[in-house]
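Taken in order, these protein sequences are the chains called A and B. So the first sequence is numbered by the UniProt record's numbering: it starts at 1 and just counts up by one. So the second sequence is numbered by the UniProt record's numbering: it starts at 1 and just counts up by one. Down below is the structure, laid out as structure tokens.
There are 2 protein chains.
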Amino acid sequence: MSFDSQSWLARARALIGDAHVLSSDRGDDLSAYTRDWRNKFEGPALAVLRPANTEEVQAIVRLAAATGVAIVPQGGNTGLCGASVPGSTGPRAVVLQLGRLNRILDIDVENNTATVEAGCVLQTLQQQAAAVGRLFPLSLGAEGSCQIGGNIATNAGGVQVLRYGNTRDLVLGLEVVLPDGERLDLLRGLRKDNTGYDLKQLFIGAEGTLGIITAATVKLFAAPDARVVAFAGVASVAQAVQLLGAMRQRLGERFTAFELISGEAIALVRHYFPDTPAPLQGDWPWYVLMEAADGGDDAVLREAMQTALMACMEDGQLEDVALAGNVAQGQALWMLRENITHAQQMDGSNIKHDVSLPISRIPAFVAAMLPQLAQAFPGARPIVYGHLGDGNLHFNVSAPAAIEPGSWQLQTDAVNQVIHDAVAALHGSISAEHGIGQLKRHELPLYKSAIELDVMRRVKQALDPVGLMNPGKVL
Amino acid sequence: MSFDSQSWLARARALIGDAHVLSSDRGDDLSAYTRDWRNKFEGPALAVLRPANTEEVQAIVRLAAATGVAIVPQGGNTGLCGASVPGSTGPRAVVLQLGRLNRILDIDVENNTATVEAGCVLQTLQQQAAAVGRLFPLSLGAEGSCQIGGNIATNAGGVQVLRYGNTRDLVLGLEVVLPDGERLDLLRGLRKDNTGYDLKQLFIGAEGTLGIITAATVKLFAAPDARVVAFAGVASVAQAVQLLGAMRQRLGERFTAFELISGEAIALVRHYFPDTPAPLQGDWPWYVLMEAADGGDDAVLREAMQTALMACMEDGQLEDVALAGNVAQGQALWMLRENITHAQQMDGSNIKHDVSLPISRIPAFVAAMLPQLAQAFPGARPIVYGHLGDGNLHFNVSAPAAIEPGSWQLQTDAVNQVIHDAVAALHGSISAEHGIGQLKRHELPLYKSAIELDVMRRVKQALDPVGLMNPGKVL
């Protein structure tokens with residue numbers, strides 16, 4: 001039976017309203033929805049659908065299921081792996097954009113929970129929590145435009161994982177529209193619930209391949225009053241790992257960040273942002289940016305941090321250290337960290353990696369990787385930094401200075417192979433926080449066992465037997 | 001085809017050794033394995049198998065799968081819902097007891113992880129972690145005999161969930177033998193890994209119905225040096241909830257316990273344990289046992305706790321409070337909490353509940369429940385206590401004083417219905433930390449949606465299509 005696009009669009013428009021079904025044939029520009037923000041992935045879409053609520057999502061999913069149309073769920077379209085845009089091949093697809101489901105349904109201050117629709121922008125949720133003295137700790141670069149549904153579907157990481165965990169750890173309940181259009185209501189706000197399989201876990205991090213997250217109940221926390229930032233110079237990655245252990249022993253769960261930054265990364269930032277002051281008097285091969293937060297007074301926390309840092313210095317766990325004296329100084333130290341990506345971009349082409357390892361193995365990994373890359377790719381410049389406290393490194397390799405523009409990206413597979421093979425040998429992950437999407441789908445079979453992939457496929461088959469949920473992603 | 005027990009036993013003995021296949025026909029006493037410790041559940045077993053390692057588990061599972069024999073995985077057999085013993089009906093079954101897989105395979109101090117076999121006793125793991133200055137925070141009454149595999153299969157809770165989460169939150173990696181005997185190796189020690197579906201979540205809390213957990217990599221933490229206990233009297237449950245919020249605002253993540261105890265529970269303990277001193281000078285309708293832990297000095301933490309408690313008293317969030325001056329005083333306060341179960345047992349028959357609710361709804365729940373129970377069951381005496389910080393109440397209803405011995409337990413379903421209906425109406429859970437097993441299996445369809453149950457069954461079907469993994473449990 002031939003597929004009649006016009007009739008399909010008419011049915012969709014009848015379900016959710018003319019204005020909310022965008023299609024090229026009537027002159028709508030779909031590119032903001034069919035192309036990812038880094039311009040790496042783009043695929044055709046029959047339409048972009050913007051339903052207003054869960055019932056409309058269900059109606060669209062039922063129509064799609066009945067007519068064999070695939071669905072690409074999309075939040076803020078800020079992902080890094082192309083999971084939120086259609087694949088360039090595969091079945092006829094629509095983008096289901098959840099931005100109109102953007103209400104905060106409930107903030108329960110005593111239960112420390114918020115219940116929000118999937119399309120709520122992360123920053124809006126952070127702000128609404130802060131307005132009642134609570135912290136929603138998920139925080140990442142795209143927070144001004146990413147949506148909580150997308151954060152959950154990709155199990156987003158960010159800068160406070162050390163203390164508060166990944167997005168998975170922040171989710172207590174979910175509402176999901178299943179591939180057949182049924183609504184699965186798991187929207188509970190409980191810290192403890194051992195009544196059968198914890199089904200919400202299936203949808204967290206599944207990148208929209210098992211169903212569409214339409215709402216969530218997430219954890220909130222007491223907002224810390226005090227926050228202190230320090231910047232240390234260390235002689236080696238091994239010393240940074242020792243420092244991490246020693247500081248956590250002394251300050252317990254107060255740490256919100258423990259970021260490793262290479263001397264090369266600092267030099268690059270200071271080259272492209274020449275106003276950036278040196279964080280310490282001397283130069284060190286590696287640096288650590290630490291942040292602790294707590295209830296109570298800034299002065300009390302700063303005192304505790306200072307005492308701990310001095311003890312670590314005496315014990316040989318750091319070489320030099322500066323403690324931010326106020327909020328502005330703390331922000332300046334964070335800018336050093338946050339400008340690495342920009343500086344590297346200004347510096348030319350680079351091949352990005354988002355790997356994780358057991359923390360104990362990171363020194364050996366870095367020590368082995370640097371000469372290995374130098375040998376395999378003469379002149380390539382690894383810029384190493386990342387969330388050391390989580391075992392997560394962004395091991396980005398900048399093009400050799402002499403290389404022709406455009407040609408470095410052609411080495412992506414080769415560079416990936418060197419780095420990802422080493423990661424796999426140490427039982428690490430080739431995607432710590434960014435996910436798989438389209439970008440790393442072809443690498444999954446290289447680093448997962450056949451049995452693990454088979455169980456993943458059985459789960460997919462059980463929930464989405466026809467395969468219409470975000471096809472061509474992950475599996 | 002008829003089933004030949006003798007030949008089956010011979011094959012099993014050939015696989016894992018004569019001594020490790022216990023069977024009644026040769027005079028072995030199986031009752032320690034086929035009956036739960038509370039003598040509530042008992043079922044027949046063809047044999048009790050005690051394999052030595054994962055390969056032997058695989059061999060047994062393959063034999064069982066090929067011959068249509070069901071498997072009941074068992075750890076320390078300390079569960080409260082009958083998940084670890086055979087059902088009284090259902091297919092021919094064997095108990096697969098994992099106690100010989102009891103090695104600690106690795107403790108990685110820098111990565112803060114331990115990798116252990118499933119049969120390792122919880123206390124052994126705690127002790128081995130402590131020996132290297134680390135904390136494995138899972139702690140519960142049965143810790144001297146329960147096994148980590150069972151803790152994971154039931155997603156055990158315990159007394160430190162407030163700070164460290166449930167068992168699910170402590171597991172980074174798993175090794176699982178699937179129902180077809182294949183080994184699924186998810187034994188990773190990573191804080192971040194977004195490479196596809198997080199399959200380990202399926203097996204955590206599934207009570208052995210999807211596969212057999214044979215090993216795990218779990219999180220360790222810096223062992224807190226300081227620990228302080230306080231005991232407060234409050235006028236109402238609502239005040240206790242306010243106190244929780246205020247204390248967490250002031251002391252952040254330092255809280256390891258926040259336990260609510262009714263005045264009746266304290267009176268009962270002091271009646272049956274007459275040496276127990278009164279925790280406070282006056283009598284209060286409700287009490288709160290708090291514990292905080294931290295790195296650094298006891299004195300510093302006690303000072304912080306005292307300051308916070310005094311502020312709460314001024315703000316009207318508590319009526320009276322005592323701070324334990326030393327470890328012995330702290331233990332004495334904990335004994336008050338821990339002797340509730342014993343005192344209630346000495347007092348006669350009681351019907352236990354393990355419910356959870358959004359914390360904000362607990363005051364209303366308790367306020368509504370007490371008169372409702374009094375009306376429906378005149379003379380019944382609810383003894384209410386629990387992990388308020390987790391929203392988890394043990395709402396145990398003691399028999400009316402006048403009732404004939406033995407007859408109160410006959411009211412179990414009726415009492416359950418009153419309490420569980422109210423819990424469900426408030427979006428709570430009828431099993432916060434104990435699980436479903438055989439005990440609550442018949443209640444699951446009353447309180448779960450048909451869609452949720454259907455998705456659970458689809459997952460079960462995907463992983464265990466023949467249904468030989470712990471049949472008659474959960475679903």
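Every residue gets a Cβ at the ideal spot worked out from N, C-alpha and C, and that includes glycine.
Asked	Found
Min CB distance L170 (chain B) to chain A below 8 Å	no
Cβ shell of A45 (chain A) (< 8 Å), same chain only, five flanking positions each side left out	L30, Y33, T34, V72, P86, A93, V94, V95
Helix, strand or coil at T78 (chain A) [DSSP, three-state]	coil
Under 8 Å (Cβ pairs) to chain A, residues found in the stretch 188-205 of chain B	R188, G189, L190, R191, K192, D193, N194, T195, G196, Y197, D198, L199, Q201, L202, I204, G205
Segments of 3+ residues assigned as beta strand (DSSP E) that fall wholly inside the stretch 204-251 of chain A	212-219, 226-234
Residue range of the unbroken alpha helix (DSSP H) whose run includes T412 (chain A)	412-425
S398 (chain A) - partner residues in DSSP beta bridges	A:N350, A:R381
Environment of V132 (chain A) [buried if 16+ CB atoms lie within 10 Å]	exposed
Backbone CA spacing between N151 (chain B) and H387 (chain A) [nearest angstrom]	30 Å
V229 (chain A) versus V288 (chain A): straight-line alpha-carbon distance, rounded	11 Å
Rounded separation between S356 (chain B) and F231 (chain B) - CA only	23 Å
Cβ pair D169 (chain B), P224 (chain B) closer than 8 Å	no
Whole-angstrom distance between V327 (chain B) and V241 (chain A), CA atom to CA atom	33 Å
Bridge partner(s) assigned by DSSP for S431 (chain B)	B:D354
Chain B residues whose Cβ lies nearer than 9 Å to that of T154 (chain A)	N194
Counted within 10 angstroms of its Cβ, other Cβ atoms place H342 (chain A) as buried (16 or more) or exposed	exposed
Cα-Cα separation between Q97 (chain B) and C146 (chain B), rounded to whole angstroms	12 Å
Beta-bridge pairing of Y33 (chain A) - partner residues as DSSP gives them	In DSSP, Y33 (chain A) forms no bridge with anything.
Chain A contact for V456 (chain B) (CB, 8 Å cutoff)	In the sequence on display, residue 456 (chain B) carries Met and not Val. With 8 Å as the cut-off, M456 (chain B) counts as an interface residue toward chain A.
Members of the stretch 343-363 of chain A near chain B, C-beta cut-off 7 Å	S356, P358, I359, S360
Buried versus exposed call for G157 (chain A) [16 or more other C-beta atoms within 10 Å across all chains shown]	buried
Neighbouring residues, chain A, relative to H434 (chain B) (Cβ below 7 Å)	N194
Selection from A:L101, A:Q461, A:K440, A:G467 that minimises the alpha carbon distance to G196 (chain B)	A:K440
Within-8 Å CB hit, D108 (chain A) to chain B	yes
Beta carbon proximity, residue 536 (chain B) to chain A, threshold 8 Å	The structure shown does not extend to residue 536 (chain B), since chain B spans only 1 to 475, so no value can be given for it.
Where E314 (chain A) falls: helix, strand or coil (DSSP)	helix
Members of the stretch 58-91 of chain B near chain A, C-beta cut-off 7 Å	none
Chain-ordered residues of the stretch 282-299 of chain B with a beta carbon less than 9 Å from chain A	A293, D294, G295, G296
Best match in B:A265, B:F377, B:F395 for proximity to E338 (chain B) [C-alpha to C-alpha]	B:A265
C-beta neighbour in chain B for Q461 (chain A), strict 8 Å	yes
CB contact below 8 Å: I104 (chain B) versus chain A	no
Within 7 Å of chain A by C-beta, residues of the stretch 390-421 of chain B in sequence order	D390, G391, N392
Of the listed residues A:A422, A:A226, A:I351, A:R11, nearest to R302 (chain A) (C-alpha basis)	A:A226
Contact set for A246 (chain A): own chain, Cβ-Cβ below 6 Å, skip 5 residues either direction	C312, Q317
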